[in-house]
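Undergrad: Residue numbers (our numbering): 891 to 1428.
Just so it is clear, CB atoms sit at the ideal spot from N, CA and C, and this is done for glycine as well.
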Ligand code: GLN
C-alpha cells in the first residue's frame, strides 16, 4: 500500500516549500524507505519550458528531457536520484489529458466537469507518478498558496484521496510563514492561523504544521499554532533559517520529524542514516577560504534562474575545500558601459559563462569572454556559453570579424553557430528543443577526459543551436579543439590546449543538472581547482 504525504503552502509563496518537501523526502529515504517526490504546478503551461526564468526561476531538465520546475532539481539533489518529467504535474497537462479523452469519446454522454473529471485526472497522475518510481511513499507538493483559485481542484483531489486511500495512508503537512515584526521582534502567527482556517474550510485538516520563521519558534508561537491549527504541540515543527539548505533535514530530525511521520502513517520505525549529509555540512562549515568566481549572464537579478549552477559550485567548493564567493556580472551592464569588465575581472579567480537565450546581453558576454581568454582566467562555458566562446574565437582569433549565431543575427555572413538541422521548419515552441540526456564521447588527451575520467559520459541538454558543422575545419584549426562529440557527430565539448590557457573549456550540455552534494560535477570541480591554482596577472 502506497503512503501519500501532501504538502500545502500558506501565507505567501517562496517560503521554501520545495526545500521542505525535499528534506522530508530525504529524512524518510534515510530510513531505508523507497521515496519519491512530485511537484504540482497549478499554472496552465504544460511545462516550465516556455516560461521566462526571470519570472519563474530556472527550468530544470530531467534525464528524459522534461522541462520542469526548479523544485524537481531540489528533489533530485536531496534524494541523490534522477526523476523524470512525470514528477512535475501541471494544470496544462491535466486539462490536456481530459480534453483529449473527451474528444476520443471517453466520457460519452457526460457533462465533463472539474469534479469529478479534472480531480480524477489529478489523482490518476499523482498515483501514476509514484507507481512509476516504484516508491512506497510519495511526497506531493502542491505549488502556490492555499486560497489561490487555480489550486482548488488539487486541494479537492487530495481531500478525496484521504477518504479513498485511508487515514493511515495519507498525511497532510501545511507549510507557512511566521513573520517577525521589526518593531517588537515578535513572532506573529495570525497569517498562518488564517491559512490553516482556509485549508479547513476546503475540508483539509493538517496533521502537521511546519512554520517557516527567521528564528527558531518560541514556545508561545508553537502553542498558538497548535491551538488554532487544531493539532498537538509535537506536530508543530520549526523551520528556521539556516545557512545552508542541506541543514534543513538535520533541524527537522532534531525535532523528531521522521519518527513522527512514520508513526502517523503506521510505518515501521527505522533507524535513520544521514551521515553523508552531516559530513557534507561539517565540511562546508569548516571552509575558511574563499574563491571568487564571476558568473556572467543576463538573468542575474533573480538568483533562482541559475539555482542548479549555484548548487553545483557549492558542491565543487566542498570537494576543493574552498567556499565559492559568487560575483554576478550582468552582461547588459557591460554593453551599456555601466561596469568595467577589466576592473571586475581583476578581482576574480575563475568565471562561468552562463546559459541563455536571445540577443540581449550577448555582446557583453562576448566582450567578457575575450578578456577571460586573453588573461588566462579559468573559464567554464555552459551551453550558450560554449556558443559565445566559439563566436568570440572566430572573430578575434580566426579573423571572421562578423561571425555570429543565427539566433542573434540571422543575417550574419559567418553563421558559426546555427540552428540544428532537425529544428528547421518546427513551428511549435513547447518541448521541441534538443532535450535531456545524450551520450558524449570524449577525446583522449583532453582536459574534458581528464576531468571526467571516462571516455563515454552522459549529460543533459536544452538547446536549438549548435556549432555549424561547415565551420568546424576553419575554427578548430588553431589551438581551440573539439574534445567531445555526440554519437551522431555534434560538437559537445571545446577547450583550449593547456599550453595556451590553464583552464578554458565549454560544453553544449548542462552539467549543473547532475551535480549532487554526494557527487559534484567534474567540470565544476575542475573549475574551482584551477581557480585556486592559477596565478592571474591583469
Ligand atoms: N540559446 C541557445 C540554444 O538554443 C543556448 C541555450 C542554452 O543555453 N540552454 O541553442
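Could you spell out where the alpha helix (DSSP H) holding residue 1152 opens and where it closes?
TA: For the purposes of this step, residue 1152 is taken as the residue at position 262 of the chain shown. Residues 1147–1154.
Undergrad: Of all the options 1226, 1160, 1334, which has the alpha carbon lying nearest to the alpha carbon of residue 917?
TA: Position 27 of the chain shown, counted from the first residue, corresponds to residue 917. Per the Cα distances, 1160.
Undergrad: With contact counted as at least three CB pairs below 8 angstroms, one residue from each stretch, are the region 1294–1306 and the region 1259–1272 in contact?
TA: No contact exists between the region 1294–1306 and the region 1259–1272.
Undergrad: Since residue 1238 and residue 1182 are thought to touch, with beta carbons under 8 angstroms apart, how far apart are those beta carbons, to the nearest angstrom?
TA: Here residue 1238 corresponds to residue number 348 of the chain shown, with the count starting at 1. Here residue 1182 corresponds to residue number 292 of the chain shown, with the count starting at 1. So it is a contact: roughly 4 angstroms between Cβ atoms.
Undergrad: Any heavy atom of the ligand GLN inside 8 angstroms of the beta-carbon of residue 1356?
TA: Locating residue 1356 in the chain shown gives position 466, counting from the first residue. For the ligand GLN, at least one heavy atom lies less than 8 angstroms from the Cβ of residue 1356.
Undergrad: Quick one: what does DSSP say residue 913 is sitting in, helix, strand or coil?
TA: The residue you call residue 913 lines up with position 23 of the chain shown. Helix, per DSSP.
Undergrad: If we ignore side chains and look at the alpha-carbon of each, how far apart do residue 1123 and residue 1142 end up?
TA: Reading the chain shown from its first residue, position 233 is the one you call residue 1123. Reading the chain shown from its first residue, position 252 is the one you call residue 1142. Each residue's Cα considered, the two are about 15 angstroms apart.
Undergrad: Regarding residue 1272 and the ligand GLN, is the C-beta to nearest heavy atom distance less than 8 angstroms?
TA: Within the chain shown, residue 1272 is the residue found at index 382, counting from 1. Yes - the ligand GLN has a heavy atom lying nearer than 8 angstroms to the Cβ of residue 1272.
Undergrad: I'd like the span of the beta strand (DSSP E) that includes residue 1388, first residue to last.
TA: Taking the first residue of the chain shown as position 1, residue 1388 is located at position 498. Careful: residue 1388 lies outside any beta strand (DSSP E) and carries neither H nor E.
Undergrad: On a Cα-Cα basis, can you pick out the residue from 1176, 1149, 1157 that is closest to residue 1133?
TA: Looking up residue 1133 in the chain shown gives position 243. That would be 1176, whose Cα lies nearest to the Cα of residue 1133.
Undergrad: Would the region 1327–1347 count as touching the region 1372–1385 if we require 3 or more Cβ pairs under 8 angstroms?
TA: Yes, the region 1327–1347 is in contact with the region 1372–1385.
Undergrad: I need the straight-line Cα distance from residue 1146 to residue 1157, nearest angstrom please.
TA: For the purposes of this step, residue 1146 is identified with residue 256 of the chain shown, where counting begins at 1. For the purposes of this step, residue 1157 is identified with residue 267 of the chain shown, where counting begins at 1. Approximately 15 angstroms between the Cα atoms of the pair.
Undergrad: Less than 9 angstroms between the beta carbons of residue 1452 and residue 1062, yes or no?
TA: Outside the modelled stretch of the chain, which goes from 891 to 1428, sits residue 1452, for which no answer is possible.
Undergrad: Verify the contact flag: residue 1268, CB atom, against every heavy atom of the ligand GLN, threshold strictly below 8 angstroms.
TA: For the purposes of this step, residue 1268 is identified with residue 378 of the chain shown, where counting begins at 1. Answer for residue 1268: no, Cβ out of range of the ligand GLN.
Undergrad: Helix, strand or coil for residue 1315 per DSSP?
TA: For the purposes of this step, residue 1315 is identified with residue 425 of the chain shown, where counting begins at 1. In the structure shown, residue 1315 sits in coil (DSSP, three-state: anything other than H, G, I, E or B).
Undergrad: Which residue or residues does DSSP assign as beta-bridge partners of residue 1350?
TA: Here the question's residue 1350 lines up with position 460 in the chain shown. Per DSSP, 1327.
Undergrad: Does the beta carbon of residue 1246 fall short of 8 angstroms from some heavy atom of the ligand GLN?
TA: Stepping through the chain shown from its first residue, residue 1246 is reached at position 356. Because some heavy atom of the ligand GLN lies under 8 angstroms away, the Cβ of residue 1246 counts as near it: yes.
Undergrad: Which term fits residue 1051, buried or exposed, when burial requires 16 or more other beta carbons within 10 angstroms of its beta carbon?
TA: Locating residue 1051 in the chain shown gives position 161, where the first residue counts as 1. Classification of residue 1051: buried, given that the 10 Å Cβ count is 16 or more.
Undergrad: Among the residues of its own chain, which have a CB less than 7 angstroms from the CB of residue 1505, if the five just before and after it don't count?
TA: Because the chain in this structure spans residues 891 to 1428, residue 1505 falls outside the shown range and cannot be described.
Undergrad: What number of angstroms, rounded off, separates the C-alpha of residue 902 from the C-alpha of residue 1370?
TA: As a position in the chain shown, residue 902 is number 12, starting the count at 1. As a position in the chain shown, residue 1370 is number 480, starting the count at 1. Approximately 50 angstroms between the Cα atoms of the pair.
Undergrad: Hey, would you say residue 1417 sits closer than 9 angstroms to residue 1242, going by beta carbons?
TA: Position 527 of the chain shown holds residue 1417. Position 352 of the chain shown holds residue 1242. Result yes, Cβ atoms of residue 1417 and residue 1242 sit closer than 9 angstroms.
Undergrad: Following a CB-centred definition, is residue 1352 positioned closer than 8 angstroms to any heavy atom of the ligand GLN?
TA: For this step, residue 1352 is matched to residue 462 along the chain shown. Indeed, a heavy atom of the ligand GLN lies less than 8 angstroms from the Cβ.
Undergrad: Closer than 8 angstroms to a non-hydrogen atom of the ligand GLN - does that hold for the CB of residue 1400?
TA: Indexing the chain shown from 1 puts residue 1400 at position 510. At least one heavy atom of the ligand GLN is nearer than 8 angstroms to the Cβ of residue 1400, so yes.
Undergrad: With a Cβ-Cβ cutoff of 9 angstroms, do residue 1233 and residue 1259 count as a contact?
TA: Mapped onto the chain shown, residue 1233 falls at position 343. Mapped onto the chain shown, residue 1259 falls at position 369. No.
Undergrad: List the whole-angstrom C-beta distance separating residue 987 from residue 1011, where the pair is believed to meet the contact cut-off of C-beta under 8 angstroms.
TA: Against the chain shown, residue 987 aligns to sequence position 97. Against the chain shown, residue 1011 aligns to sequence position 121. Right, the Cβ-Cβ distance comes to about 5 angstroms (below 8 angstroms), so this counts as a contact.
Undergrad: Which of the three DSSP states is assigned to residue 1377 in this structure?
TA: Translated into the one-based positions of the chain shown, residue 1377 becomes position 487. Here residue 1377 sits in coil by DSSP.
Undergrad: Just how far apart, CA to CA, sit residue 1112 and residue 1082?
TA: Locating residue 1112 in the chain shown gives position 222, where the first residue counts as 1. Locating residue 1082 in the chain shown gives position 192, where the first residue counts as 1. About 12 angstroms.
Undergrad: May I ask which residues mark the beginning and end of the beta strand (DSSP E) holding residue 1337?
TA: Here residue 1337 refers to the residue found at position 447 when the chain shown is read from its first residue. From DSSP, residue 1337 is part of no beta strand (DSSP E) but of the alpha helix (DSSP H) over 1337–1342.
Undergrad: Any heavy atom of the ligand GLN within a distance shorter than 8 angstroms of the CB on residue 1275?
TA: The count along the chain shown starts at 1 and reaches residue 1275 at position 385. Under cutoff, so the answer is yes.
Undergrad: Give a yes or no on whether the C-beta atoms belonging to residue 1163 and residue 921 are separated by under 9 angstroms.
TA: By 1-based counting over the chain shown, the position of residue 1163 is 273. By 1-based counting over the chain shown, the position of residue 921 is 31. Going by C-beta atoms, residue 1163 is nearer than 9 angstroms to residue 921.
Undergrad: Quick check on the DSSP output: what are the complete beta strand (DSSP E) runs of length 3 or more inside the region 1172–1250, in order along the chain?
TA: With a minimum length of 3 residues, the continuous beta strand (DSSP E) runs that stay inside the region 1172–1250 are 1180–1187, 1213–1220, 1240–1243.
Undergrad: Can you give me the C-alpha to C-alpha distance between residue 1041 and residue 1087, rounded to a whole angstrom?
TA: Residue mapping note: residue 1041 aligns to position 151 of the chain shown, counting from 1. Residue mapping note: residue 1087 aligns to position 197 of the chain shown, counting from 1. Cα to Cα, the separation comes out at about 16 angstroms.
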